[in-house]
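What follows is one structure encoded as structure tokens, with my remarks underneath.
Number of protein chains: 2
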Amino acid sequence: CPCPLPSGDTALSRLVRRLLSARRSLDLCLFSFSCPQLARAVQLLHRRGVRVRLVTDAQYMGLHGSQIGRLRHAGIQVRHDQHSGYMHHKFAIVDRRMLITGSLNWTTQAIQSNRENVLVVEDAVYVKAFQDEFERIWEEYNPANYSFF
Amino acid sequence: CPCPLPSGDTALSRLVRRLLSARRSLDLCLFSFSCPQLARAVQLLHRRGVRVRLVTDAQYMGLHGSQIGRLRHAGIQVRHDQHSGYMHHKFAIVDRRMLITGSLNWTTQAIQSNRENVLVVEDAVYVKAFQDEFERIWEEYNPANYSFF
Numbered sequence: 001c002p003c004p005l006p007s008g009d010t011a012l013s014r015l016v017r018r019l020l021s022a023r024r025s026l027d028l029c030l031f032s033f034s035c036p037q038l039a040r041a042v043q044l045l046h047r048r049g050v051r052v053r054l055v056t057d058a059q060y061m062g063l064h065g066s067q068i069g070r071l072r073h074a075g076i077q078v079r080h081d082q083h084s085g086y087m088h089h090k091f092a093i094v095d096r097r098m099l100i101t102g103s104l105n106w107t108t109q110a111i112q113s114n115r116e117n118v119l120v121v122e123d124a125v126y127v128k129a130f131q132d133e134f135e136r137i138w139e140e141y142n143p144a145n146y147s148f149f
Numbered sequence: 001c002p003c004p005l006p007s008g009d010t011a012l013s014r015l016v017r018r019l020l021s022a023r024r025s026l027d028l029c030l031f032s033f034s035c036p037q038l039a040r041a042v043q044l045l046h047r048r049g050v051r052v053r054l055v056t057d058a059q060y061m062g063l064h065g066s067q068i069g070r071l072r073h074a075g076i077q078v079r080h081d082q083h084s085g086y087m088h089h090k091f092a093i094v095d096r097r098m099l100i101t102g103s104l105n106w107t108t109q110a111i112q113s114n115r116e117n118v119l120v121v122e123d124a125v126y127v128k129a130f131q132d133e134f135e136r137i138w139e140e141y142n143p144a145n146y147s148f149f
């Protein structure tokens with residue numbers, strides 16, 4: 001496989017391990033998603049039966065290297081905005097109890113070259129605020145609500 | 001003034017109020033800074049004698065609408081990276097005790113048009129991690145360490 005899951009104690013491998021701890025659900029709200037290792041971890045969870053939902057930005061989902069098409073092809077539910085502004089969040093919620101958020105877009109460029117931060121928070125007050133935002137966006141971006149004129 | 005401080009109970013006015021609560025120091029680590037209202041709040045703190053330090057991204061600081069030149073002109077200390085990767089953080093630390101961080105770049109586009117998040121955290125564990133990162137970057141981007149060959 002050209003993109004093995006990362007090993008060792010890098011920031012990326014720690015992020016992947018947090019994601020792989022999911023047992024029931026993984027809610028992803030990601031402006032940009034081009035990192036193949038992270039996409040592979042998400043696919044693995046989907047195959048294990050974890051319920052994966054992904055919200056992303058319409059303008060970035062089609063860019064070169066985007067993993068969104070691959071994830072959709074694997075059967076993962078993806079929804080996107082239909083606005084000119086960006087869906088600029090970059091967070092994940094594992095099992096509705098662990099929030100992973102920060103400045104990091106899930107791109108190879110960001111992981112390899114940028115100065116970034118990722119917070120892992122289990123405090124219910126913060127998790128709930130982001131879970132509520134996720135559910136709002138998930139409903140708002142329901143394809144049943146799209147308008148094409 | 002063309003850019004009054006925001007009033008009312010918007011997300012922007014709440015962010016400005018948090019910043020204006022600074023009494024001793026404001027450490028800013030911002031990928032992109034073009035929002036005039038936020039720049040005005042930072043200048044106000046500087047004039048009040050609060051110690052303001054600003055770290056930013058070299059490639060974005062010169063973009064149209066950037067407030068970095070204006071802040072430097074006002075006498076605020078600014079340092080920037082000299083790498084091809086982005087200094088992609090977007091956080092502020094007020095009085096070394098309150099961390100403000102999230103997906104939000106300090107741009108008018110982000111504030112007006114995007115879906116974004118901003119966390120305000122006073123838990124010392126999180127604040128210290130970001131303060132340590134700020135001090136590392138502040139030293140690393142010290143102009144005395146620049147190389148020009």
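Protein sequences appear in the order of chains H and P. Following UniProt numbering, the numbering of the first sequence begins with 1 at its first residue and continues without gaps. Following UniProt numbering, the numbering of the second sequence begins with 1 at its first residue and continues without gaps. We put the beta carbon where it would ideally sit given N, CA and C, even for glycine. In this text, all values refer to a predicted model and were calculated from it rather than measured experimentally.
For residue i, go through chain H and note every residue whose CB falls closer than 8 Å to its CB, in chain order.
i                 : result
Asn142 of chain P : Near Asn142 of chain P there are no residues of chain H at all, since even the closest Cβ is about 15 Å away, more than 8 Å.
Gly85 of chain P  : Gln109, Gln112, Ser113, Asn114 and Arg115
So residue i contacts chain H; which residues on that side make the cut at Cβ distance below 7 Å?
i                : result
Ser34 of chain P : Ordered by position in chain H, no residue passes the 7 Å Cβ test against Ser34 of chain P, which lies about 15 Å from the chain.
Please classify residue i as buried or exposed, where buried requires at least 16 other C-beta atoms within 10 Å of its C-beta.
i                 : result
Glu116 of chain H : buried
Tyr146 of chain H : exposed
Gln67 of chain P  : buried
Ser84 of chain P  : exposed
Asn114 of chain P : buried
Asp57 of chain P  : buried
Arg40 of chain P  : buried
Leu71 of chain H  : buried
Leu63 of chain H  : exposed
Lys128 of chain H : exposed
Pro2 of chain H   : Note that Pro2 of chain H has pLDDT 46, beneath the 50 cutoff, so the model's placement of it is unreliable and the number below is only indicative. Classification of Pro2 of chain H: exposed, given that the 10 Å Cβ count is below 16.
Pro143 of chain P : exposed
Ala92 of chain P  : buried
Ser7 of chain H   : exposed
Leu73 of chain H  : Before going on, a small fix: residue 73 of chain H reads as His here, not Leu. When all chains shown are included, His73 of chain H counts as exposed.
List, in order along the chain, the chain P residues whose C-beta lies closer than 8 Å to that of residue i?
i                : result
Lys90 of chain H : Ser103
Ala22 of chain H : Residues of chain P passing the Cβ test: none, with the nearest at roughly 21 Å.
Provide the residue(s) that pair with residue i in DSSP beta bridges, ordered along the chain.
i                 : result
Gln118 of chain P : Looking at the sequence provided, one finds Val at residue 118 of chain P rather than Gln. Paired residues: P:Gly102.
Leu26 of chain H  : H:Val52 and H:Val94
Gln77 of chain H  : H:Arg53
Phe33 of chain H  : H:Trp106
Name the chain H residues whose beta carbon is nearer than 9 Å to that of residue i?
i                      : result
Ile68 of chain P       : Correct list: empty, because the minimum Cβ distance to chain H is about 17 Å.
residue 155 of chain P : No answer is possible for residue 155 of chain P: it lies beyond the span of chain P, which begins at 1 and ends at 149.
By the criterion of Cβ-Cβ separation under 9 Å, what are the contact partners of residue i in chain P?
i                 : result
Ile137 of chain H : Arg115
Can you find a CB in chain B that lies within less than 8 Å of the CB of residue i?
i                : result
Leu28 of chain H : Any reference to chain B falls outside this structure, whose protein chains are H and P.
Under 7 Å between beta-carbons, which chain P residues line up against residue i? List them in chain order, please.
i                : result
Leu63 of chain H : Simply none; closest approach about 16 Å.
Check your understanding: If you pair each beta-carbon of the stretch 11 to 31 of chain P with each one of the stretch 41 to 59 of chain P, do three or more pairs fall below 8 Å?
Key -> yes
Check your understanding: Does the stretch 108 to 128 of chain H come close enough to the stretch 84 to 100 of chain H to have 3 or more Cβ pairs within less than 8 Å?
Key -> yes
Exercise for review: Evaluate contact between the stretch 106 to 114 of chain H and the stretch 29 to 39 of chain H, counting only Cβ atoms and requiring at least three cross-stretch pairs below 8 Å.
Suggested key: yes
Review point. What are the uninterrupted segments assigned as beta strand (DSSP E) that are 3 or more residues long and contained completely in the UniProt domain "PLD phosphodiesterase" (83 to 110) of chain H, given in chain order?
Key: 90 to 94 and 98 to 102
Practice item. Give a yes or no on contact between the stretch 41 to 51 of chain P and the stretch 4 to 23 of chain P, applying the rule of three or more CB pairs nearer than 8 Å. Key: yes
Check your understanding: Three or more beta-carbon pairs under 8 Å between the stretch 76 to 88 of chain P and the stretch 137 to 146 of chain P, yes or no?
Key -> yes
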